[in-house]
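Novice: One structure coming up, written as structure tokens, with questions to follow.
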Amino acid sequence: MKIISVVGTRPNFVKIASFAKEISKHTEINHILVHTGQHYDEKMSGSFFKELEIPEPNINLGIGSGSHAEQTGKVMMEFEKVLLKENPDLVMVVGDVNSTLACALTASKLGIKVAHIESGLRSFDREMPEEINRVLTDQISDYLFITERDAEKNLLNEGINKNKIFFVGNLMIDTLLMHKEKASKLKTVKEKNYAVLTLHRPSNVDKKENLETILEIMNELQSRIKIFWPIHPRTRNNLEKFGLNSKLNTMKNIILSEPLSYLEFMNAMMNSKMVLTDSGGIQEETTVLNIPCITMRENTERPTTISNGTNTLTGLDKNKIRKIVDSVLNGHFDKSNKVELWDGKAAERIVNVIKNEKIN
Ligand code: UD1
């Protein structure tokens, strides 16, 4: 059996790490890894391959940055050539980025079976590019691997056949559990009491007013606790473009950093008092690490992080954020429950399904 797995961006690398490791144990499966090149900086890409011991991609499409149509279109054109040459039995895509949809669409048009990892998550917010990618990828996938139970309901509501859905757990959590101990030995942040901040959602960082509001919120927060902020390139570019760097530079309790490696970032989260973010994956990671998570979005596609985990949605509401910060700093916050099947065995389950389904 020949399988092509596709990665493009930072969170994809984290998810594929445990899968690539598991599938390498099955020598009867020929596994080819394709990197679309959507993320390309050493700090956004290369360092993840090294630290997570992901095999070097067999093929790099070298797409790089661009508008949505440019990125999606270029990936499709280059990936089609790869598929025609390699003729795999299955294409495996992960998550919800432009590379995910582009490769799923290319494969399905060539009649090649598609597996989607992290299927069925829905924010019900069509303004998020990721939501469009999720809905469309699921519609054309043959094997839909889900990380939480609500995802099944979402897929059934969209008319997906139940037989195609497999509840297998969470690859991102497999990778976390595999590397937690190693990460705990680092010391990314010298401070003892600090919060971690990450921001990269277009709805937060591509609009000047919203980025300004976030800086106001951070200005207040940094008077109460130090803030450690590894800045995503999209956000760094926009701070510059909107002329907000001088405002940021006046906030002496904000510690800025370049994007971190996987282990460095994991360590920063593990030792923090709380995390403020607009990321999807970090809502899940903080739930497993039992660190309070303030999600500066109006919705989440990962509801189990709220019902079982440490996550609270605040949008950019200053009062809501203040209230949670108060309770965390006063030591009152609800610990997380164990989330069903987030046990480090998702990759094993996925490979079992692939083998049992006799895809080729
Ligand atoms: C993409 C995904 C998003 C995911 C995020 C993880 C889409 C639509 N978005 O968003 O779902 O949560 O990755 O980080 O697929 N840049 C660099 N170096 C890099 C990569 C990007 O400097 O290695 C800069 C470029 O200026 C680029 C910008 O960051 O234009 C945005 O990159 P892009 O991949 O388009 O989107 P992300 O915001 O990273």
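Counting along the sequence shown from 1, when you hit position 60 you're at 53 in my numbering, and nothing is skipped either side. By construction, the Cβ of each residue, glycine as well, lies at the ideal position given by its N, Cα and C atoms.
1) In the DSSP assignment, find the alpha helix (DSSP H) that holds residue 126 and state where it starts and stops.
2) With distances taken between CB atoms, is the gap from residue 68 to residue 97 smaller than 8 Å?
3) Closer than 7 Å by C-beta to residue 257: which residues in its own chain qualify, once you throw out the five before and the five after it? Chain order, please.
4) My output table needs one value for residue 255: the three-state DSSP class, helix, strand or coil.
5) Pick out whichever of 142, 136 and 161 has its Cα sitting closest to the Cα of residue 153.
6) Mind checking which residues open and close the beta strand (DSSP E) that includes residue -4?
7) Ignoring anything shorter than 3 residues, give me the beta strand (DSSP E) runs that lie fully in the segment 201 to 251, in order along the chain.
8) In the DSSP assignment, what are the bridge partners of residue 53?
9) Expressed to the nearest angstrom, what Euclidean distance is found between the alpha-carbon atoms of residue 338 and residue 168?
10) Take the Cβ of residue 61 as the centre, count every other Cβ of all protein chains shown within 10 Å, and call the residue buried at 16 or more, exposed below.
11) What whole-angstrom Cβ distance do residue 271 and residue 197 have, given they're in contact under 8 Å?
12) In terms of residues, what are the limits of the alpha helix (DSSP H) holding residue 289?
13) Tell me, please, which residues DSSP counts as bridged to residue 106.
14) By alpha-carbon positions, which one of 216, 251 and 200 ends up nearest to residue 231?
15) What's the call for residue 277, buried or exposed, on a 16-neighbour Cβ count within 10 Å?
16) My output table needs one value for residue 268: the three-state DSSP class, helix, strand or coil.
17) Look at residue 38 and residue 72 and say whether their C-beta atoms are less than 8 Å apart.
18) What residues match up with residue 187 in a beta bridge as DSSP calls it?
19) Please report the residue range of the alpha helix (DSSP H) in which residue 181 lies.
20) What whole-angstrom Cβ distance do residue 385 and residue 321 have, given they're in contact under 8 Å?
21) Taking the Cβ atom as the reference point for each residue, do residue 332 and residue 302 lie within a distance shorter than 8 Å?
22) Under 8 Å Cβ to Cβ from residue 293, same chain only, skipping five residues before and after it: list those, please.
Specialist: Result, derived from the coordinates:
1) The residue given as residue 126 occupies position 133 in the sequence shown. Where residue 126 is concerned, the enclosing alpha helix (DSSP H) starts and stops at 122 to 132.
2) To locate residue 68, count along the sequence shown from 1; it is residue 75. To locate residue 97, count along the sequence shown from 1; it is residue 104. The answer is no: Cβ separation not under 8 Å.
3) Working through the sequence shown from its first residue, we reach residue 257 at position 264. Excluding residues up to 5 positions away in sequence, 179 and 181 lie with their Cβ nearer than 7 Å to the Cβ of residue 257 in the same chain.
4) Indexing the sequence shown from 1 puts residue 255 at position 262. Of the three classes helix, strand and coil, the one that applies to residue 255 here is helix, per DSSP.
5) As a first step, residue 153 is located in the sequence shown; it is residue number 160 there, counting from the start. Checking every option, the nearest Cα to that of residue 153 belongs to 136.
6) As a position in the sequence shown, residue -4 is number 3, starting the count at 1. Residues -5 to 0.
7) Given a length threshold of 3 residues, each whole run of the beta strand (DSSP E) inside the segment 201 to 251 is given here in chain order: 219 to 223 and 247 to 250.
8) As a position in the sequence shown, residue 53 is number 60, starting the count at 1. 28.
9) Looking up residue 338 in the sequence shown gives position 345. Looking up residue 168 in the sequence shown gives position 175. Residue 338 and residue 168: Cα-Cα distance of roughly 10 Å.
10) As a first step, residue 61 must be located in the sequence shown, where it is residue number 68. Result: exposed.
11) Position 278 of the sequence shown, counted from the first residue, corresponds to residue 271. Position 204 of the sequence shown, counted from the first residue, corresponds to residue 197. The pair is a contact, with the Cβ atoms about 5 Å apart (cut-off 8 Å).
12) Numbered from its first residue, the sequence shown carries residue 289 at position 296. Run containing residue 289: none; DSSP gives neither H nor E here.
13) As a working mapping, residue 106 is identified with position 113 in the sequence shown. Residue 106 is bridged to 83.
14) The residue you call residue 231 lines up with position 238 of the sequence shown. Comparing Cα-Cα distances from residue 231 to each of 216, 251 and 200, the minimum goes to 200.
15) Position 284 of the sequence shown, counted from the first residue, corresponds to residue 277. With 16 or more Cβ atoms within 10 Å of its Cβ, residue 277 is classed as buried.
16) For this step, residue 268 is matched to residue 275 along the sequence shown. In the three-state scheme derived from DSSP, where H, G and I count as helix and E and B as strand, residue 268 is classed as strand.
17) Taking the first residue of the sequence shown as position 1, residue 38 is located at position 45. Taking the first residue of the sequence shown as position 1, residue 72 is located at position 79. A distance of 8 Å or more separates the beta carbons of residue 38 and residue 72.
18) Position 194 of the sequence shown, counted from the start, is the residue given in the question as residue 187. Paired residue(s): 219.
19) On the sequence shown, position 188 is the one that residue 181 refers to. Element bounds for residue 181: n/a, residue is neither H nor E.
20) Coverage of the chain is limited to positions -6 through 353, which leaves residue 385 absent and any answer about it impossible.
21) As a position in the sequence shown, residue 332 is number 339, starting the count at 1. As a position in the sequence shown, residue 302 is number 309, starting the count at 1. Yes. Within cutoff.
22) Numbered from its first residue, the sequence shown carries residue 293 at position 300. Excluding its 5 nearest sequence neighbours in each direction, residue 293 has C-beta neighbours in its own chain below 8 Å: 116, 273, 276, 299, 304 and 306, listed in chain order.
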